[in-house]
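Asker: Residue numbers for the sequence shown follow the numbering used here, beginning at 86 and rising by one. Note that CB positions come from ideal geometry on N, CA and C, so glycine has one too. Take this structure first; my questions come after.
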Amino acid sequence: MSAGAPRRELPALSPEQLALRERQGAGARYDADAAPHAHLDLARRGTAYFARRLMQLDDADLDAPSLLPGWSRRHVVAHVGYHARAVARSVEGARTGVESRMYSSDTQRDEEIALGATLPTRALRHLVDHAAVHLDVEWRDLTDAHWDAAVVTAEGRAVPARETAWMRAKEVWVHAVDLGNGGSFLDFPPAVIDGIVSDVFRAWTRRGDPGAVVLRATDRETALGAYGQGGPRVEGAAADLARWLAGRGARRLRVVGGGELPEIAPWF
Ligand code: ZN
Numbered sequence: 086m087s088a089g090a091p092r093r094e095l096p097a098l099s100p101e102q103l104a105l106r107e108r109q110g111a112g113a114r115y116d117a118d119a120a121p122h123a124h125l126d127l128a129r130r131g132t133a134y135f136a137r138r139l140m141q142l143d144d145a146d147l148d149a150p151s152l153l154p155g156w157s158r159r160h161v162v163a164h165v166g167y168h169a170r171a172v173a174r175s176v177e178g179a180r181t182g183v184e185s186r187m188y189s190s191d192t193q194r195d196e197e198i199a200l201g202a203t204l205p206t207r208a209l210r211h212l213v214d215h216a217a218v219h220l221d222v223e224w225r226d227l228t229d230a231h232w233d234a235a236v237v238t239a240e241g242r243a244v245p246a247r248e249t250a251w252m253r254a255k256e257v258w259v260h261a262v263d264l265g266n267g268g269s270f271l272d273f274p275p276a277v278i279d280g281i282v283s284d285v286f287r288a289w290t291r292r293g294d295p296g297a298v299v300l301r302a303t304d305r306e307t308a309l310g311a312y313g314q315g316g317p318r319v320e321g322a323a324a325d326l327a328r329w330l331a332g333r334g335a336r337r338l339r340v341v342g343g344g345e346l347p348e349i350a351p352w353f
């Protein structure tokens, strides 16, 4: 089932890396100067946020449906764990120069999640913790130059390795809400809200989505964003606007001057 994801050993460290580790000692390692510090910080805080929400769920609670159609909480947890592994594989590829796709195919990704959801609960919790730690190790092993090396996203686009930090950040924050036990976009740092809005608009642009919308955040001094030409002005708290754009439902939003909210295509 998970044949596309062979077990990998961490490659041996270079003499320079070993010397650096020697000097710094265990547990005192840092991101390279050129690392995307702000996005790494969001990813790490999001990982902690996800872990807190997960900790509040008893084993039996994991069998219940998540907020994502067709997925139990187990599926969400398995996906967040395997996603970290997939990002770690691509980051490792940026370091070693051996291109490694996040997933070999959508089918492999879906089969891995379906199988992961059937793991014993302890193994499932371990998967998500361990995969997050491993990803952090991979990130910290990158030099300044590695952060600009190309990785291939789940959609098959080549992007610089630095984009993996945001790629991971949005997953952990949004899927923590998908667990459906009280997580909320209202808890997100403003930078995550802004990141989601620009990410969704970029995805629409890539797809040539013909829609148009102007976002008016009632809790922001400046405009939150706009897509296309004209379009209805949708008003609400920035977090609620981001939640709606992310395809997680409309709450407390209104169209200025009346009318229906535009349809939102799925994001991820
Ligand atoms: Zn996801």
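Could you give the C-beta distance for Glu-276 and Leu-127, rounded to a whole number, given that I count them as a contact under 8 angstroms?
Answerer: For clarity, residue 276 is Ala in the given sequence; the question names Glu instead. Correct: roughly 6 angstroms between the Cβ atoms.
Asker: Quick check on Ala-243: buried or exposed, where buried means 16 or more other Cβ atoms within 10 Å of its Cβ?
Answerer: Result: exposed.
Asker: Using a Cβ-based criterion (distance less than 7 angstroms to any ligand heavy atom), does Glu-256 qualify as near the ligand ZN?
Answerer: Yes.
Asker: Within a Cβ cutoff of 7 angstroms, which residues of the same chain sit near Asp-279, ignoring the five residues on either side of it in sequence?
Answerer: Same-chain partners within the cutoff: there are none.
Asker: Under 8 angstroms between C-beta atoms, does Leu-346 make it to chain B?
Answerer: As a matter of chain content, chain B is missing from the structure shown, which is built from one protein chain.
Asker: Buried or exposed for Glu-101, please, with buried defined as at least 16 other CB atoms from any protein chain shown within 10 angstroms of its CB.
Answerer: The residue is exposed, with fewer than 16 neighbouring Cβ atoms inside 10 Å.
Asker: To the nearest angstrom, how far is it from the Cα of Pro-274 to the Cα of Trp-329?
Answerer: Between Pro-274 and Trp-329, the C-alpha separation is close to 17 angstroms.
Asker: Just verifying my parser: in three-state terms, what is the DSSP assignment at Arg-336?
Answerer: Of the three classes helix, strand and coil, the one that applies to Arg-336 here is coil, per DSSP.
Asker: Just to confirm, are Leu-338 and Asp-325 a CB contact at a threshold of 8 angstroms?
Answerer: Yes, they are a contact pair.
Asker: Can you give me the start and stop residues for the alpha helix (DSSP H) that Asp-139 sits inside?
Answerer: For the sequence presented, residue 139 should be read as Leu rather than Asp. Taken as a continuous stretch (DSSP letters only), the alpha helix (DSSP H) holding Leu-139 covers 122–140.
Asker: Below 7 angstroms, is the gap between the Cβ of His-124 and the nearest heavy atom of the ligand ZN?
Answerer: No; taking the cut-off as 7 angstroms, the Cβ of His-124 has no heavy atom of the ligand ZN nearer than that.
Asker: Excluding sequence positions up to five away, which residues of its chain have a Cβ less than 6 angstroms from the Cβ of Trp-352?
Answerer: The answer, listed in chain order, is Val-285, Ala-331, Gly-332.
Asker: Tell me whether His-211 counts as near the ligand ZN, meaning its Cβ is closer than 7 angstroms to at least one heavy atom of that ligand.
Answerer: No, since every heavy atom of the ligand ZN falls outside the 7 angstroms radius drawn around the Cβ of His-211.
Asker: Identify the continuous beta strand (DSSP E) that holds Tyr-188 and give its terminal residues.
Answerer: Taken as a continuous stretch (DSSP letters only), Tyr-188 belongs to no beta strand (DSSP E), as it is neither H nor E.
Asker: Is it buried or exposed for Thr-249, if we count other Cβ within 10 angstroms and need 16 for buried?
Answerer: By the 10 Å Cβ count, Thr-249 comes out buried.
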